[in-house]
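A short write-up of the structure that comes next.
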Amino acid sequence: MLINCVAYQDGRKLADIPVEDIDGWLRKPNCFVWVALRDATDDELRQMQQEFDLHELAVEDARHGHQRPKIEEYGDTLFVVMKLPEMRDGELDSGEVAIFVGQNFVLSVRNNSQQGFLGVRERCEREPDHLKQGAGFVLYALMDAVVDRYFPILDSLETDLEKIESQIFDRGAAKWNIQRLYDLKRRATVLRHVVAPLLEVAGKLHGGRVPAVCSRSQEYFRDVHDHLARINGAIDGIRDTIATAIQVNLSMVTIEESETTKRLAAYAAIFAVSTALAGIWGMNFENMPELKWKYGYVMALAAIAGAAGVLFWRFRRAGWL
Amino acid sequence: MLINCVAYQDGRKLADIPVEDIDGWLRKPNCFVWVALRDATDDELRQMQQEFDLHELAVEDARHGHQRPKIEEYGDTLFVVMKLPEMRDGELDSGEVAIFVGQNFVLSVRNNSQQGFLGVRERCEREPDHLKQGAGFVLYALMDAVVDRYFPILDSLETDLEKIESQIFDRGAAKWNIQRLYDLKRRATVLRHVVAPLLEVAGKLHGGRVPAVCSRSQEYFRDVHDHLARINGAIDGIRDTIATAIQVNLSMVTIEESETTKRLAAYAAIFAVSTALAGIWGMNFENMPELKWKYGYVMALAAIAGAAGVLFWRFRRAGWL
Amino acid sequence: MLINCVAYQDGRKLADIPVEDIDGWLRKPNCFVWVALRDATDDELRQMQQEFDLHELAVEDARHGHQRPKIEEYGDTLFVVMKLPEMRDGELDSGEVAIFVGQNFVLSVRNNSQQGFLGVRERCEREPDHLKQGAGFVLYALMDAVVDRYFPILDSLETDLEKIESQIFDRGAAKWNIQRLYDLKRRATVLRHVVAPLLEVAGKLHGGRVPAVCSRSQEYFRDVHDHLARINGAIDGIRDTIATAIQVNLSMVTIEESETTKRLAAYAAIFAVSTALAGIWGMNFENMPELKWKYGYVMALAAIAGAAGVLFWRFRRAGWL
Amino acid sequence: MLINCVAYQDGRKLADIPVEDIDGWLRKPNCFVWVALRDATDDELRQMQQEFDLHELAVEDARHGHQRPKIEEYGDTLFVVMKLPEMRDGELDSGEVAIFVGQNFVLSVRNNSQQGFLGVRERCEREPDHLKQGAGFVLYALMDAVVDRYFPILDSLETDLEKIESQIFDRGAAKWNIQRLYDLKRRATVLRHVVAPLLEVAGKLHGGRVPAVCSRSQEYFRDVHDHLARINGAIDGIRDTIATAIQVNLSMVTIEESETTKRLAAYAAIFAVSTALAGIWGMNFENMPELKWKYGYVMALAAIAGAAGVLFWRFRRAGWL
Amino acid sequence: MLINCVAYQDGRKLADIPVEDIDGWLRKPNCFVWVALRDATDDELRQMQQEFDLHELAVEDARHGHQRPKIEEYGDTLFVVMKLPEMRDGELDSGEVAIFVGQNFVLSVRNNSQQGFLGVRERCEREPDHLKQGAGFVLYALMDAVVDRYFPILDSLETDLEKIESQIFDRGAAKWNIQRLYDLKRRATVLRHVVAPLLEVAGKLHGGRVPAVCSRSQEYFRDVHDHLARINGAIDGIRDTIATAIQVNLSMVTIEESETTKRLAAYAAIFAVSTALAGIWGMNFENMPELKWKYGYVMALAAIAGAAGVLFWRFRRAGWL
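Residue numbers (my numbering), protein chains in the order written: chain G, 4 to 324; chain U, 4 to 324; chain D, 4 to 324; chain E, 4 to 324; chain X, 4 to 324.
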């Protein structure tokens, strides 16, 4: 589905143009065309391939989706794939955007994602000084917008982790903790697969040998790279903390169990003593003088209570009860 | 066993040719010969070695099999070894294909694998525009076909992992989980040994200094490289998740055991109290007035039931029962 | 909030100057201006941007804060962000300082931090020989001062770790240990995120290709780099030790539990024997000759005590009691 | 002890020569001398040092043994140290071979190892075409022979691992498994210390800048390098599997213990109920009407058996018995 | 404290000289001065700084100590810091030596260490051929001497590890093992912090671009580098083994506990059966015919003994007792 097809010159919007006319505009000096597609059909992609002379492998990738985030050069054209993760029903689902950038065109193809990039276009049109840098700046603006969407997801991971951490030493929370930690780990892994490969290649857009189309906006791409590095570092931190938390959680379960075992065994011991004593006076020997004493029973009860009491006191002192 | 031996010119099939005539065709301009062998005998390999002037070490590797996946240059000839993993009786078994590529020939030697590459040849012959690129493109087509076979194996690993994950917090599934996780880990390790070394060397076929025979198809090899990177990343993710899952599984066992211990100990405590009380009234003291009461027995039963009830209620409230 | 704005020439302070005059002083030869801001307002930053011709992305970073530590070049201007961690209420909180350095100016913007850099300025002014090196030396002095603040935090981590280590084999300290280890790990992680990214980039300021403004002070920057490497190495050591300590702690809990289980089970066994024996003599068979013996009861008690004693002795010998 | 001292020309053996004449043969064109020593004395080494003008540090290393595997260049002479691990009494013991290679000589010094390299010499002499490449090819042949000796050790590790894996989920095998896994880990570590440093440096002998003496046999050294990479990869796989197996083993112990605990506790509960009921009817209240019933006893036994039976049935249904 | 101050020419000692004359000797051709200080005062260091024109940052580092091992170039002067670990009261304590090396001088400053370097000087003076290489060779000799001191420490770690390993599967040694493993880990970590940073930088002294002062002794520095690599590899091996041993130790504790639990529970079950049976015959029903049998009691005892015996036999057969 075509969303926009606009021609720009010297940083200013010239006109919404029909797709068929693209070819003509591409030939004008200092002019570039910015096309946005969404869930593009095969026909649309084929048309774009012809208009912009795109490489078949890149178009194939844009068509099939489910690519790794990457930045590839096909001659003068840059091909960028980024993930668009969104929280849906508590799961982290991943749309995708494929961007083709040449000296005088930008083509973005968004797949399986709710949120569009209209805001990016508006912001760019409000800043003609920047837009003058050409297609490279548009690529930056799109990448920046995509990366900005990773931050709230990162924040939600960090918030969840903090919640779990605040309960990690709570008694009886172990099972709930471990489930949430595992779930968090999975989401962190998804976000990492979104960010890490992009970080790896984003360095190619600034410093050293840079694709021609990006050379005028290098500082901006470094900024995107830096944001990705920040997110990636934070994810690594989260993953590391989760690993420790799972270990600590296991320790806490073991400690708790150890305490429960002690407590129950202590009570069992108290009753075992009582039962043993009662059993002794329940024996049927004829010659058991204390059985005939007037206060024998009371003394027996006292003895049992006393033994139990002593044990209770000692266990408590040892911190078991 | 010889499967095919065909000569191509300008991307089009010229003729099936006998092995003896290869030498003549190799001298024709813009012409290349594509030979496919399967479980080749020593004689066949020796013949090929002479026809194409192959290096003895490479031929040795092709003969013995069980190589690490690799890409090696012997002068102008490229020697590629790839694994062909197949699921057989629930085990991941690995065949192998060795490919020799020169400026004007391709020789593939398949060992210990059921699935052939006839489809690759057919597809190549249908796209003469691509095949015009020469032997390099055939190498790409073969590598692409091999790598495409890794995806269903990866998918089966991911499906299995998801199945295990959906049961990882189920009560009593620990043993079954741990066995399946261990088995999954082994299969993931096999696939990794298939993919990782290939990924390592596949980067040599695009960008930077590239073997002459591949230089015209660089973008295609980058695509293969990218697929391998995707698979490798996914395997790393699976391995990481398995490690966490094993840890979590251990935690769950410990938590479950802790709960069972609590529950049983609670019941034991309830019966221990009953036994102790019954033991007390079973003592043989003469002066135990309550024994003579009319409702003594009922009161005793009530006391026992009451004590048991109080304990039961408290344990339940504490979440132990 | 403006803190200072001073012009220097040949390593000596010329005058406190008003912000508006900066432009004039920048044009004088061998002269540089050093401005310090604290929690700068947007207006102040905009003014500085114009005076020193700063890049908008760097200014944006200084405004928003919460950056990763980094060193970036914008043309001839160097932009450095460092964290200023401070212990507040037992938590490690992080302020930030952003420093812009050009051939003839230094601008530091401190955010969310109590401690200032007046001491640095004073020290610099006392050493005109060094200050003669220009803006680069000021950058060194500021970085050195920031890095020096990391050492006491590192020391407190090491002290805490030593305290925990001295108790790690103490009986019953497991829960407390694990909590403290977890807390320590978190603080070490915070410090690591402060140090590691800075270490990564600090190498750019000495050896190899160095920004022009730093080239005269390379040895000094290497010294800062070396300090960062030392801190980073120490943090890695702490983290490694914490990981081992958590594992060891789990082992200790398990060992302790094992000992408690043995001890309690041993006592339980002793009383179970007593109860079983008492139960036997409590049976109501008519023909139980020992019940009528004169010393039957005493013998029974002796038998019970003897059985218990033997068990006690054996358990003690086995090290269980 | 001198084993051989032979001169070769153009790939063919000329003569066994006395050590004293080496000097003369070294001056002949296209001629090289191949000397093999075993457990060399200081005198022998000193003599060789003079004949071949070896560097004192290399000679020292050859004398003392216990070196890390390494490849070092001393001027035009290459110095190679490799380990010769052998299974002796179930332990992996390591001999060593030090090889000096110059343009026209090869000197191998074998220490503390049973197996010699006579086979290598014979093979070389049978292939004069290869031997024509000179001293470099002899180095290759020796390295290839050494590396080939690593494979059976690797195989024995893999076989042992498979044996353990086949029993890892067996009930009651935990202790035996853990001992064998630990032992396997040790042997894998020994082999790794033999292979990994060699792999690290073997890459220097092919591709890029290569020592002159090896330049004609590069493809052969790449083959050795590839073999080492294969072994190293396999060891890494084994180590990784062992780590997982140890973890899994711990899980299995915990699961087994959990099951035993459940089973025993279930039986304990059944008998506790019986004891409690018997205790109640063993109380001495006067007014316990059921005691006087004709079938009271039978009913009591039935009640006890019934309670035990119900519990048994429920525990079995819950999978505890 | 000044230890020595000696001038050398062409590898031979000329004279012990007073510190004040250093300046003069430095100007003579082919002459170098070797000064050794111990726990130098600020005055001594200041004097040396002037005599040899040392960089203030390096002098500061030598004064304060507690540096990371490192090798730094200040112009033509090389500054080397190495740790001197010594066993004191069972703890691994670390002294330090800082070495300044220029074209015609060596200055070593030893701090907080008992063992001196007189032996090094003596050995050097006995080998004028080597000493002719100049200050670089002295640096090598000092580094070699320092690194040689690491070996006995490494040996003691390995011996301790072997001792622990020989007991790791012993029953009841778990607590002692875990304490010793933890202690060993700490000492290994100390040694690693001594060796690893030095290894990292020692590579700069041979191959590639080498400081002028070391260029004539490259092969010697490579030897030191190789020693460091060997030590570092061994430490990594120790650390890896410790990690596994801790894990295995935990498994062993769990296995032992599991066995103890089984054994005790088995005995408990035997007595529980006895108690239950005795309880049944202790019930007070009037109509319990067996109570009146002549051999009822004997039969009861036999039944109890029989039940206990059967259980005992079954538990033993199952390997629990």
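Ideal placement from N, C-alpha and C gives every residue a C-beta, glycine not left out.
Around Q70/G, the same chain offers D64, V84, E99, A101 as residues with beta carbons nearer than 8 Å, after the five sequence neighbours per side are excluded. Under the 7 Å criterion on CB atoms, W28/X is classed as non-interfacial with respect to chain D.
Chain G places no beta carbon closer than 7 Å to that of Q170/D, leaving this residue out of the contacts. By the CB criterion at 7 Å, M291/U and Y300/G fall inside the cutoff.
Put simply, the CB of Q221/D is far from chain X, with every gap to its CB atoms at 7 Å or more.
Each of R195/X, T244/X, V216/X, G282/X was checked against the Cα of D239/D, and the nearest Cα belongs to R195/X. One alpha carbon belongs to L201/G, the other to H230/G, and they sit about 11 Å apart. Measuring C-alpha to C-alpha distances from G122/G to each of K135/G, G105/G, V141/G, F108/G identifies V141/G as the nearest.
Between G119/X and T80/X, the gap from beta carbon to beta carbon reaches 7 Å or more. In the displayed model, A269/D falls within a helix according to three-state DSSP. Interface flag for A148/U against chain E is unset, since no Cβ pair is found closer than 7 Å. If you check the CB distance, A39/X and S97/X do not come in under 7 Å. Membership of N7/D in the beta strand (DSSP E) is indicated by the continuous run 5-12. Under the Cβ criterion of 7 Å, Q70/X is not counted among the residues facing chain E. Legend: CB atoms of the region 248-267 of chain E lying less than 7 Å from CB atoms of chain X belong to residues I249, N252, L253, V256, T257, E259, E260, T263, T264, L267.
Less than 7 Å separates the beta-carbon of C217/D from that of G139/D.
For I307/E, the enclosing alpha helix (DSSP H) stretches over residues 299-320. Contact of I181/E with chain X is assigned, a C-beta pair being separated by under 7 Å.
Sequence-distant Cβ neighbours of V193/X in its own chain, meaning closer than 8 Å and more than five residues away, are P88, L95, S97.
In its chain, beyond the 5 residues on either side, A43, D45, L48 have a beta carbon closer than 8 Å to the beta carbon of R66/E. Annotation: G236/U to G14/G spans about 40 Å, alpha carbon to alpha carbon. Between the alpha carbons of V36/U and Q117/U lies a distance of about 24 Å. Here the C-alpha atom of G206/D lies approximately 7 Å from the C-alpha atom of R225/D. Think of a sphere of 8 Å around the beta carbon of G285/D: the chain G residues whose beta carbon falls inside it are G282, G285, M286, N287, in chain order. Ranked by Cα distance from I156/E, the first of K86/E, K295/E, N7/E, V276/E is K86/E.
Membership of G98/E in the beta strand (DSSP E) is indicated by the continuous run 94-105.
The C-beta separation of T257/E from T257/X comes to about 6 Å, placing the pair in contact by the 8 Å criterion.
Taking 8 Å as the upper bound on Cβ-Cβ separation, chain X lies near residues L304, I307 of the region 304-317 of chain E. Going by DSSP, I25/G is part of the alpha helix (DSSP H) stretching over 25-30. Taking 7 Å as the cut-off, the Cβ atoms of E59/D and P214/D do not count as close. The residues W323, in chain order, have a CB closer than 6 Å to that of K265/D in the same chain once the five nearest residues on each side in sequence are set aside. At least one C-beta of chain E is nearer than 7 Å to the C-beta of A177/U. Neighbours of S159/D in chain G, taken as residues whose beta carbon is under 8 Å from its own, are absent, since the nearest beta carbon is some 20 Å off.
Within chain D, the residues placing a beta-carbon under 9 Å from that of A272/G are L267, Y270, A271, F274, ordered along the chain.
For L294/U, the residues of chain E that pass the 7 Å Cβ criterion are N287, F288, E289, in the order they occur in the chain. For a Cβ distance threshold of 8 Å, residue set F274, T278 of chain U lies close to T278/E, ordered along the chain.
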